[in-house]
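Undergrad:
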């Protein structure tokens with residue numbers, strides 16, 4: 001609830017240049033419910049730019065800190081470690097059930113393969129709606145479960161570029177597939193791409209470049225090219241509508257470029273797209 005109140009105050013102070021979905025952590029979920037909030041409810045004074053988002057539950061840690069929760073131990077680490085769960089599986093299920101019963105979507109951070117299995121099991125038990133955030137390592141058996149459960153996979157492809165050498169070191173013998181973008185897409189999963197800023201720069205073209213080309217430089221081979229996505233899929237996953245084309249009735253939130261991203265065939269060209277932005281619109285109003 002604290003985050004919701006913060007954004008109400010920001011809109012009251014005149015913030016009007018972006019759209020915001022204000023999420024709630026599990027420990028503040030009951031207070032948000034008691035205050036009458038639920039996912040999708042408009043924030044007062046936001047003129048339609050602010051809404052209540054999902055319950056954000058962080059189930060495990062990260063790869064670089066060896067705290068992402070995995071089913072097999074990290075390579076080359078003594079004593080053996082599998083990572084860390086932030087909540088017990090029962091607590092994760094209980095929070096998801098509470099959220100679902102009171103109109104909140106869930107956004108569950110899960111990086112390690114075992115953390116993803118636990119999150120998927122909790123969604124199956126509670127019929128929760130929403131997303132798994134990151135989904136960086138997945139057991140093959142869990143990949144089709146995203147579509148079966150109606151979940152969105154919220155992915156950050158630039159992390160694969162930042163982590164590719166660390167993956168080789170710490171996930172040398174994984175039980176799952178790291179960064180399985182193509183496998184999720186082929187299984188019918190809805191993908192949503194972002195940056196996870198400030199962990200990676202707030203730049204959608206870095207994510208699109210990483211997803212499509214699998215490398216930050218033409219001088220280095222692509223990382224897991226079999227998991228790369230086509231540019232249409234990547235652009236669609238980077239929009240609120242889930243499409244890479246505008247349609248009548250869409251919100252007039254638009255970025256205009258003087259270069260064609262579909263023709264960008266190198267990471268250097270795709271990553272240079274911010275230099276080609278000539279205008280941005282929010283609700284049809286020019287913001288740049």
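In the UniProt record's numbering, the protein residues as written are 1 to 288. All residues carry an ideal CB built from backbone N, CA and C; glycine is no exception.
Here's a check: name, in chain order, each residue in its chain whose Cβ is nearer than 7 Å to the Cβ of residue 115, leaving out the five neighbours to either side.
TA: If we look at residue 115 and ignore the five residues flanking it on each side, its Cβ neighbours are 59, 60, 68, 69, 85.
Undergrad: Residues in the same chain with beta-carbon distance under 7 Å from residue 258, minus the five sequence neighbours each way, listed in chain order, please.
TA: Within the same chain, residue 258 has close Cβ partners 276, 278.
Undergrad: Tell me, to the nearest whole angstrom, how far the beta carbon of residue 205 is from that of residue 161; I am working on the premise that it is less than 8 Å.
TA: Contact doesn't hold; Cβ gap of about 13 Å is too wide.
Undergrad: By DSSP, does residue 278 sit in helix, in strand, or in coil?
TA: Of the three classes helix, strand and coil, the one that applies to residue 278 here is strand, per DSSP.
Undergrad: Going by beta carbon distance, what residues of the same chain come within less than 7 Å of residue 81, once the five residues before and after it are set aside?
TA: Counting only Cβ-Cβ distances below 7 Å, and skipping sequence neighbours, we find 66, 73, 74.
Undergrad: Across the segment 10-20 and the segment 39-51, are there enough close Cβ pairs to call them in contact, namely three or more that are closer than 8 Å?
TA: Yes, since at least three Cβ pairs between the segment 10-20 and the segment 39-51 fall closer than 8 Å, the two stretches touch.
Undergrad: What ranges does the alpha helix (DSSP H) occupy inside the segment 168-217, keeping only unbroken runs of at least 4 residues that lie completely in it?
TA: Segments of the alpha helix (DSSP H) lying fully in the segment 168-217: 181-186, 204-213.
Undergrad: Taking 8 Å as the cut-off, decide whether the C-beta atoms of residue 127 and residue 110 are in contact.
TA: No, these two residues do not count as a Cβ contact at 8 Å.
Undergrad: Would you mind listing the alpha helix (DSSP H) stretches within the segment 212-256 that are 4+ residues and don't spill past its ends, in chain order?
TA: Counting whole runs of 4 or more residues, the segment 212-256 contains the alpha helix (DSSP H) stretches 231-237.
Undergrad: Quick one: give me the first and last residue of the alpha helix (DSSP H) that residue 270 is part of.
TA: Taken as a continuous stretch (DSSP letters only), the alpha helix (DSSP H) holding residue 270 covers 267-271.
Undergrad: Note down the Cα distance separating residue 39 from residue 248, rounded to an integer number of angstroms.
TA: Going from the Cα of residue 39 to the Cα of residue 248 covers about 26 Å.
Undergrad: Using beta-carbon positions only, say whether residue 215 and residue 185 come within less than 8 Å of one another.
TA: No. Outside cutoff.
Undergrad: Just curious, the beta strand (DSSP E) that residue 100 is in, first and last residue?
TA: Run containing residue 100: none in the beta strand (DSSP E); it sits in the alpha helix (DSSP H), 89-101.
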